[in-house]
Amino acid sequence: MGDNLDEKPRDPTAENEKLEAGDDSSVQALLSRAHQEGIKPIFLAKVKVLNDAIADCGLGRYYELFCTADLWLQAIAIVMPAIANQHNFPNYSSNIRMATFALYCGLIVGATFWGMTCDVIGRRTAWNATLFISGIFGIAAGASPNFVTLGAMLACIGFGVGGNLPVDGALFLEFLPGPYQYLLTLLSVWWAIGQVAGSLISWVFLAKFSCNPDLVGTVVNGAIYQCDNSNNNGWRYSYYTMGALMVVLGVLRIFLFPMDESPKFLVSIGRDQDAVDVIHRIAKKNKTTSKLTIQDLHDAAAPYIDPGSEDVSVARFTTWGLIRNSLCDDVHFDNVKGLFATPRLAYSSILIIFIYGALGLAYPLFNAFLGAYLSTREKETGNTGIDATYSAYTYQAACGVGGSILAAVMVQWSRTGRKFSMAFFTIMSGVFLFALTAARTSVQVNALVSIASFWENAFYGVLYGYAPEVFPTPRRGTGDAFAAASSRITGLFAPIIAVYSNAGKTPNGPVYASATIFIVTGLVMLLLPIETVGVTA
Numbered sequence: 020m021g022d023n024l025d026e027k028p029r030d031p032t033a034e035n036e037k038l039e040a041g042d043d044s045s046v047q048a049l050l051s052r053a054h055q056e057g058i059k060p061i062f063l064a065k066v067k068v069l070n071d072a073i074a075d076c077g078l079g080r081y082y083e084l085f086c087t088a089d090l091w092l093q094a095i096a097i098v099m100p101a102i103a104n105q106h107n108f109p110n111y112s113s114n115i116r117m118a119t120f121a122l123y124c125g126l127i128v129g130a131t132f133w134g135m136t137c138d139v140i141g142r143r144t145a146w147n148a149t150l151f152i153s154g155i156f157g158i159a160a161g162a163s164p165n166f167v168t169l170g171a172m173l174a175c176i177g178f179g180v181g182g183n184l185p186v187d188g189a190l191f192l193e194f195l196p197g198p199y200q201y202l203l204t205l206l207s208v209w210w211a212i213g214q215v216a217g218s219l220i221s222w223v224f225l226a227k228f229s230c231n232p233d234l235v236g237t238v239v240n241g242a243i244y245q246c247d248n249s250n251n252n253g254w255r256y257s258y259y260t261m262g263a264l265m266v267v268l269g270v271l272r273i274f275l276f277p278m279d280e281s282p283k284f285l286v287s288i289g290r291d292q293d294a295v296d297v298i299h300r301i302a303k304k305n306k307t308t309s310k311l312t313i314q315d316l317h318d319a320a321a322p323y324i325d326p327g328s329e330d331v332s333v334a335r336f337t338t339w340g341l342i343r344n345s346l347c348d349d350v351h352f353d354n355v356k357g358l359f360a361t362p363r364l365a366y367s368s369i370l371i372i373f374i375y376g377a378l379g380l381a382y383p384l385f386n387a388f389l390g391a392y393l394s395t396r397e398k399e400t401g402n403t404g405i406d407a408t409y410s411a412y413t414y415q416a417a418c419g420v421g422g423s424i425l426a427a428v429m430v431q432w433s434r435t436g437r438k439f440s441m442a443f444f445t446i447m448s449g450v451f452l453f454a455l456t457a458a459r460t461s462v463q464v465n466a467l468v469s470i471a472s473f474w475e476n477a478f479y480g481v482l483y484g485y486a487p488e489v490f491p492t493p494r495r496g497t498g499d500a501f502a503a504a505s506s507r508i509t510g511l512f513a514p515i516i517a518v519y520s521n522a523g524k525t526p527n528g529p530v531y532a533s534a535t536i537f538i539v540t541g542l543v544m545l546l547l548p549i550e551t552v553g554v555t556a
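Going by my numbering, 127 is the number at position 108 of the sequence shown; the sequence numbering is gapless.
Right, dumping it as structure tokens:
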């Protein structure tokens, strides 16, 4: 499945017969695009038919896929200072920050595992499973009796969350009609909403159920005061609530928003009839009809089938057969090789993976420790207490919503498109982080953190929409997995830098590093060879 055009020499005689079977210019155009993307022209021809059928169905049901949220990544970070106060847990300035390291270990495994297996077992299974995993282990994290257990639970949360982002993007994109692909960029608005929800949940519980670290070791009511389960359960309640929320959302996904498998994925594994059936179910739910038949798919593929050869694109396999085939030596790296099948695609894939990796380091250098940063800076400017810290965090999370909306507007503007918008947003993030280091008042700190968050959410919205559009459908999950894994691997170094480097010993040190990486990466984005505005994935 999904062999690329360069894997065997083409037969000129067969090629001529193909051209006679259809319009020369359209066949040549499709062959050229298939060659550029490194995928079979048979598959690309069928996808074109599916794109037309999906467009005829209209937007309709796609709001179901649009309603998704993730609140774990930064919600975990903002409760860390409270966890560090827990009796017998390490303090925040030392090993408690390494809990982020455990989270990123899980994110790496999750991004790779779910991204690659969704190209084998399908998008729908991974889409449902990742939310449940993060929710169940989120609840378990709240009951952690010690730091080792907490780290293990955070790694398991990361395993679920790591798969959630790339799988959501791939599935959403493959159901979207071409004119609505900009909604993939707007999908990032839910990450901002998730951050706001996580911030508010943590704020409520930590404000009411947190100990006073300034009293630790003193005598209070005749006993030595310490932060334990009698007075410091706010962080546990936060985990319980967020984990339960994820489980509820997972149940809603299954029963309230039952999702079909991606028709493009089904075609990529040879299940043409199932793909047609999905299109008809979508049309019925959208209160319209579709004229698509399996013969339409076969007719579209006919000009690209060598005479006398079997069309392997309609071969059927069981799930176990797909897994077994994916492990065979001769096809194990097909999806990986497909990302580098042509010089142009290889150049694009390498740049995208590099960009994900660079941003994967820059983003957590600042945001993964934002709660502690805000607490330190607020104290420096005269504001103390949980309310000052978490109100500032909520402001910056809310500003991310506006960034997502701006990103969705600009990527549709032909004068900017995906590449320029993404580069501009990333550079602006760096500029305002540099300005943050010069802030001297609480108002300045809150304003600059919020503006930086606005631009960060904007560039991530475009990036998470751009990458799935560039990767060919049969390798989309694998490409997203490589990109996400690159981001998580570099993210591992953020807590190491924060704990062990001299730069991490001052509040502004990681901010300088993060700002520099943002600006450099923004310039690299301008070198991307593919612009996807106006092109259906």
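Here a beta-carbon is modelled for each residue, glycine too, at the ideal position from N, C-alpha and C.
Nearest neighbour of residue i, chosen from the options [CA to CA]
i: V46; options: D318, W146 and Y201; result: D318
i: S218; options: Q292, A407 and A48; result: A407
i: R11; options: S506, V518, N527 and A118; result: Past the edges of the chain, shown from 20 to 556, lies residue 11, and the structure says nothing about it.
i: L92; options: T136, D71, F151 and L184; result: L184
i: Y519; options: F120, K65 and E193; result: F120
i: V450; options: R507, A532 and S163; result: A532
i: G157; options: L206, L90 and P514; result: L90
i: Q292; options: Y409, L311 and L547; result: L311
i: A417; options: V208, G541 and A101; result: V208
i: L78; options: Y201, I372 and H106; result: Y201
i: K356; options: F501, N476, T535 and E280; result: F501
i: V539; options: A503, V266, C137 and F444; result: F444
i: V266; options: I152, I61 and V420; result: I152
i: M278; options: N476, E193 and S44; result: E193
i: G269; options: R290, D187, S281 and K227; result: D187
i: N251; options: Y199, A162, M261 and K303; result: A162
i: V139; options: F373, I446 and L285; result: L285
i: A411; options: I115, F537, Q463 and Q245; result: Q463
Beta-carbon separation (whole angstroms), residue i vs residue j, contact threshold 8 Å
i: S287; j: I549; result: Their Cβ separation, rounded to whole angstroms, is 20 Å, which puts S287 and I549 out of contact at 8 Å.
i: S423; j: A211; result: 6 Å
i: L69; j: A294; result: 7 Å
i: A118; j: L169; result: 6 Å
i: A160; j: L173; result: 6 Å
i: V98; j: L264; result: Their Cβ separation, rounded to whole angstroms, is 15 Å, which puts V98 and L264 out of contact at 8 Å.
i: F512; j: L380; result: 6 Å
i: L393; j: P529; result: Contact flag wrong, Cβ pair sits at about 13 Å.
i: A427; j: T204; result: 5 Å
Outcome for residue i when other beta-carbon atoms lying within 10 angstroms are tallied against a minimum of 16
i: V489; result: buried
i: N521; result: exposed
i: L585; result: The structure shown does not extend to residue 585, since the chain is modelled only from 20 to 556, so the question has no answer here.
i: D247; result: exposed
i: M544; result: buried
i: V239; result: exposed
i: T525; result: exposed
Rounded straight-line distance, which links the Cα of residue j to that of residue i
i: A216; j: A148; result: 22 Å
i: S229; j: Y414; result: 22 Å
i: D315; j: V468; result: 53 Å
i: N165; j: L122; result: 16 Å
i: D349; j: L126; result: Because the pLDDT of D349 is 35, which lies under 50, any placement of that residue in the model is unreliable, and the number read from its coordinates should be weighed accordingly. Spanning the two alpha carbons is a distance of roughly 29 Å.
i: S51; j: Y485; result: 21 Å
i: A96; j: D75; result: 44 Å
i: G129; j: C175; result: 9 Å
i: T4; j: L275; result: No answer is possible for residue 4: the residues shown for the chain start at 20 and end at 556.
i: G181; j: G241; result: 48 Å
i: D71; j: A53; result: 18 Å
i: V66; j: P322; result: 14 Å
i: L190; j: I301; result: 14 Å
i: P597; j: G213; result: Absent from the structure is residue 597, since the part of the chain shown begins at 20 and ends at 556.
i: M429; j: G436; result: 7 Å
i: R343; j: I516; result: Residue placement at R343 is flagged as unreliable, the pLDDT there being 38, under the threshold of 50; the coordinate-derived value follows with that caveat. For R343 and I516, the distance between alpha carbons rounds to 41 Å.
i: W146; j: D325; result: 37 Å
i: I405; j: V297; result: 50 Å
i: L546; j: Y483; result: 17 Å
i: S10; j: P196; result: Only positions 20 to 556 of the chain appear in this structure, which leaves residue 10 out of reach.
i: T535; j: N465; result: 21 Å
i: Y258; j: A320; result: 51 Å
i: T307; j: A504; result: 40 Å
i: P60; j: L49; result: 7 Å
i: K438; j: V481; result: 8 Å
i: I374; j: A471; result: 19 Å
i: G419; j: I313; result: 44 Å
beta-carbon residue i near the ligand ZN non-hydrogen atom, thresh 7 Å
i: L203; result: You won't find the ligand ZN in this model; it holds no ligand whatsoever.
Contact with chain B by residue i, beta-carbon distance below 8 Å
i: R437; result: Although the question refers to chain B, the structure presented lacks it and comprises just one protein chain.
Alpha helix (DSSP H) runs wholly inside the stretch 260 to 323, at least 4 long, in chain order: Note on the stretch 260 to 323: whole alpha helix (DSSP H) runs with a minimum of 4 residues are 282 to 287, 291 to 304 and 313 to 320, in chain order.
4 or more residues per run - each alpha helix (DSSP H) lying fully within the stretch 119 to 168: 142 to 161
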